[in-house]
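One structure below.
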Amino acid sequence: MSTAKALPVLMLLPLALPAVAADEASDERKLEPIVVTATLGPLTAGESLSSVTVIDEETIREQSPSEFTQLLRGQPGINVTGNGSFGKTTSVYTRGTANDSTLLLVDGVRLRSATSGGPSWQYFPVELIERVEIVRGARSSLYGSDAVGGVVQAFTLDPEETPAGWVEAGAGNFNTQKGSAGVAARAGNTRFSLSGLHKETDGTAVITDGDDRGFRNTAGIGRVVHDLDSGGEASLVMVQSEGNTEYEGGEIDFMIRTIGFGLETPVSDYWRHSLQFSESRDETDNVTPTFSSTFNTRSRAARWDNTFTWNVHELVVGAELMTDEVSGTTDYAETSRTNTALYSQLRLNFGPTDLLLSVRGDDNEAYGKNETGGIALGHALDRSHRVRISYGTSFRAPTFNDLYFPGANPDLEAEESGTVELGASGHYQTWFWDAALFQLDVDNLIAWSPTPSGLWTPMNVNEARIRGAEFSAGFERDGWRGDAALTLLDPEDRETGNRLQRRSGKTLRLDLSKRVGTWDFGGTVVAEGYRYDDRANDDRLPGFATLDLRAGWRFAPDWSTRLTLANVLDKEYSTARYDRQNDLDYVAAGRTAMLTVRYDIR
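Residue 514 in the working numbering is what sits at position 464 of the sequence shown, and the numbering runs on without skipping anything.
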């Protein structure tokens, strides 16, 4: 069935579900998760009028993924591709947009490379986070550049929520070892947490019939929160991950780091303001037998939010100043740029109806001004069912590589897009569902293309139209817990009529777990349709499905052990091509096993 034909069928399904669930809905409706990424403040997922997926701490601990993007694979609207496993270059495509069109935040701090434009997903330590929020749809009116397809935000361990401490050690095949530890404490009005991780592996081959390529990673997170007598709080958080990864033909020494200081205080009963000062770094040293290169990027930001409330309405007004800097072995024509922004969000509630308006203006000294906005309307049909419709604009800034790399194009304009979305959802005592239809139109798509002289340079030459449908559902009852996600996508290059490269048109994810006494068992199935590795759609990579299994046992007070088996059926698959002429693919790891033992200090 084609995507176009499947969209109406998918939308009819949620319309039928309320009748099926009518007997189950009651006055004690299951609470929706509170999210903070979709808007400029905490709201329930339904009130945010957005398509949101929340991955909580229990899910992260049960699944024990070896990489951050294993949590994202197959989630609604998400495609993940990789140049091999264990710390190799990874890309995340949200709703068919490019990797550098998905914004990654860590505790509110933007993390990305200013040269390549995208985040270093493969280096982020999934073992040290407790929550992930995935927001799909245009969000530039809140966050500025790069939030075209959506925003992924990872939250580090909260000192107030973590146990007093833990120690964990594990080992697996491919000569993999890892260990982590953490501690949390409180002294008066101040609480803190400190956690660390080290893991290393000989890895597997990253290309067809290649040699094993290893990965080594050391990471740490420190967080301090002080409660103020005024009712506000001051906080400081630092995340750092560094190590070495080998790839076909060389190796990379890497370091990513975020530091954020926040201050939130009430001015009156109706006015709160918050300040955030942050810095993020992405640094790499690339070594091959024939050359070496260094790329260091640093982003510094200051953000000021003012929240005014009256009755059930809310207005947020804010400003942001951000500076990007690059250095290294490449002589860029410019090595820094500054972006200033003003933004506002108005949330109005009229009983069962919510209205959300947002607007932002960015002024960048490198490529000019961009104005973005969004409007969303939602209506609660009853205590369990809600419908929503929204429209938003976004933009993606040209990177330093696009503008200033030797041979680049300093006259590039930012990519601009508009997204329209129609959604519906239902939340009951033990289960939920959510469905969305969307269309995203991108203008001034940046692509490296040949000039009349034969040289390749980035130009604003392409347009894209991305249509899709997402459906997700989940339940929790009698020790069982399950989640399902289905995405149908039609990402079209408007110039050629072809599918955008490396995007799969169909993805499915199923998660199921069961608790039995001191045991828990679970499994995950991810299926992805075929994709093309080239713009001409001549190089087709077949679809695939993988099965992961896991089991945990709390064998003594505060002691537990867990076994995870990834790609149990040892499926050989690829999401990217290495060398088309020689028929060589980037290959994912086969069957992977990890056994861990953990002691919680309470």
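Note that beta-carbon positions come from the ideal geometry of N, C-alpha and C, so glycine has one too.
Can you check whether the CB of residue j is closer than 8 Å to the CB of residue i?
{"i": "residue 152", "j": "residue 222", "result": "no"}
{"i": "residue 252", "j": "residue 260", "result": "no"}
{"i": "residue 355", "j": "residue 90", "result": "yes"}
{"i": "residue 82", "j": "residue 477", "result": "yes"}
{"i": "residue 444", "j": "residue 426", "result": "no"}
{"i": "residue 573", "j": "residue 555", "result": "no"}
{"i": "residue 307", "j": "residue 285", "result": "no"}
{"i": "residue 360", "j": "residue 393", "result": "no"}
{"i": "residue 136", "j": "residue 639", "result": "yes"}
{"i": "residue 481", "j": "residue 525", "result": "yes"}
{"i": "residue 187", "j": "residue 537", "result": "no"}
{"i": "residue 519", "j": "residue 534", "result": "no"}
{"i": "residue 275", "j": "residue 241", "result": "yes"}
{"i": "residue 183", "j": "residue 102", "result": "yes"}
{"i": "residue 421", "j": "residue 387", "result": "no"}
{"i": "residue 615", "j": "residue 599", "result": "yes"}
{"i": "residue 324", "j": "residue 310", "result": "no"}
{"i": "residue 295", "j": "residue 304", "result": "yes"}
{"i": "residue 298", "j": "residue 337", "result": "no"}
{"i": "residue 700", "j": "residue 462", "result": "Only positions 51 to 652 of the chain appear in the structure, and residue 700 is not among them; the question remains open."}
{"i": "residue 196", "j": "residue 438", "result": "no"}
{"i": "residue 224", "j": "residue 204", "result": "no"}
{"i": "residue 566", "j": "residue 529", "result": "yes"}
{"i": "residue 585", "j": "residue 543", "result": "yes"}
Quick check on residue i: buried or exposed, where buried means 16 or more other Cβ atoms within 10 Å of its Cβ?
{"i": "residue 652", "result": "exposed"}
{"i": "residue 67", "result": "Here the model assigns residue 67 a pLDDT of 45, short of 50, so the residue's position is not dependable, and the following value carries that caveat. It is buried - the Cβ of residue 67 has at least 16 other Cβ atoms within 10 Å."}
{"i": "residue 617", "result": "buried"}
{"i": "residue 363", "result": "exposed"}
{"i": "residue 172", "result": "buried"}
{"i": "residue 26", "result": "Residue 26 is absent from the model: the chain starts at 51 and stops at 652."}
{"i": "residue 93", "result": "buried"}
{"i": "residue 383", "result": "exposed"}
{"i": "residue 121", "result": "buried"}
{"i": "residue 451", "result": "buried"}
{"i": "residue 389", "result": "buried"}
{"i": "residue 645", "result": "exposed"}
{"i": "residue 569", "result": "exposed"}
{"i": "residue 506", "result": "exposed"}
{"i": "residue 342", "result": "exposed"}
{"i": "residue 605", "result": "exposed"}
{"i": "residue 228", "result": "buried"}
{"i": "residue 431", "result": "exposed"}
{"i": "residue 237", "result": "exposed"}
{"i": "residue 5", "result": "This structure cannot speak to residue 5, because the chain is shown only from 51 to 652."}
{"i": "residue 72", "result": "For residue 72, the predicted model reports a pLDDT of 42, less than 50, meaning its position is unreliable; a value from the coordinates is still stated below. Its Cβ having fewer than 16 others within 10 Å, residue 72 is exposed."}
{"i": "residue 541", "result": "buried"}
Let me check understanding here. Comparing Cα to Cα, which of the options lies closest to residue i?
{"i": "residue 348", "options": "158, 341, 441 and 328", "result": "328"}
{"i": "residue 653", "options": "495, 610 and 581", "result": "This structure cannot speak to residue 653, because the chain is shown only from 51 to 652."}
{"i": "residue 648", "options": "486, 114, 86 and 87", "result": "114"}
{"i": "residue 207", "options": "228, 191, 179 and 224", "result": "179"}
{"i": "residue 176", "options": "248, 576 and 298", "result": "248"}
{"i": "residue 162", "options": "332, 192, 423 and 399", "result": "332"}
{"i": "residue 632", "options": "97, 258, 88 and 244", "result": "258"}
{"i": "residue 456", "options": "379, 391, 635 and 513", "result": "379"}
Would you say the beta carbon of residue i comes nearer than 7 Å to a heavy atom of the ligand GDP?
{"i": "residue 421", "result": "The ligand GDP is not among the ligands present in this structure, which contains no ligands whatsoever."}
(request) Taking 8 Å as the threshold, find out whether the stretch 216 to 234 comes into contact with the stretch 93 to 110 through three or more Cβ pairs. (result) Because the criterion of three Cβ pairs below 8 Å is not met, the stretch 216 to 234 and the stretch 93 to 110 do not touch.
(request) Please specify which runs of the beta strand (DSSP E), each continuous and at least 3 residues long, are wholly inside the stretch 511 to 582, giving them in chain order. (result) 530 to 543, 556 to 566 and 569 to 578
(request) Taking only runs that begin and end inside the stretch 244 to 307, name each unbroken beta strand (DSSP E) of 3 or more residues, in chain order. (result) 262 to 277 and 283 to 297
(request) Entirely within the stretch 103 to 155 and at least 3 residues each: give me those beta strand (DSSP E) ranges in chain order. (result) Those beta strand (DSSP E) runs which fall completely within the stretch 103 to 155 and span 3+ residues are 128 to 132 and 140 to 144.
(message) Counting beta carbon pairs with one atom in the stretch 364 to 372 and one in the stretch 461 to 474, are three or more of them shorter than 8 Å?
(response) no
(message) Pairs of beta-carbons, one from the stretch 163 to 172 and one from the stretch 582 to 592, closer than 8 Å: are there three or more?
(response) no
(request) Please list the segments of the beta strand (DSSP E) lying wholly inside the stretch 421 to 452, counting only runs of 3 or more residues, in order along the chain. (result) 435 to 446
(message) So within the stretch 190 to 241, which uninterrupted alpha helix (DSSP H) runs reach at least 4 residues, ignoring any that extend past its ends?
(response) Segments of the alpha helix (DSSP H) lying fully in the stretch 190 to 241: 190 to 193.
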